[in-house]
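S.K.: Going letter by letter, the sequence shown gives residues 40 to 92 in the working numbering. C-beta: ideal position from N, C-alpha, C; glycine also.
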Amino acid sequence: MKDVSTGTQHASDRGTYAIELRNATKRFLTPTGQAYTAIRDINLSVAPGEFVA
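#1: In the DSSP assignment, what residue or residues form a beta bridge with V85?
#2: Which residues in the same chain have their Cβ closer than 6 Å to the Cβ of R79, if we skip the five residues on either side of it in sequence?
#3: So, helix, strand or coil for F90, using DSSP?
#4: For R66, list the residues DSSP reports as bridge partners.
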């Protein structure tokens, strides 16, 4: 689990995720053909049994 206030990850939780994204970025093209970055450099960790909506 990552502590939001300090940005540190707890060593006991590393590698215990059902889903884990690191440094993910998603870009789309606008109707004019320009790139639009919707999200940049996000991290997401979901432990077994957790739900994300």
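M.R.: To lay it out plainly:
#1: In the sequence shown, the residue the question calls residue 85 occupies position 46. V85 pairs with I58.
#2: Sequence index remark: in the sequence shown, residue 79 carries index 40 (1-based). Answer for R79: T64, listed in chain order.
#3: Taking the sequence shown and counting its residues from 1, one reaches residue 90 at position 51. Of the three classes helix, strand and coil, the one that applies to F90 here is coil, per DSSP.
#4: Residue numbering aside, residue 66 sits at position 27 when the sequence shown is read from its first letter. Partner(s): T76.
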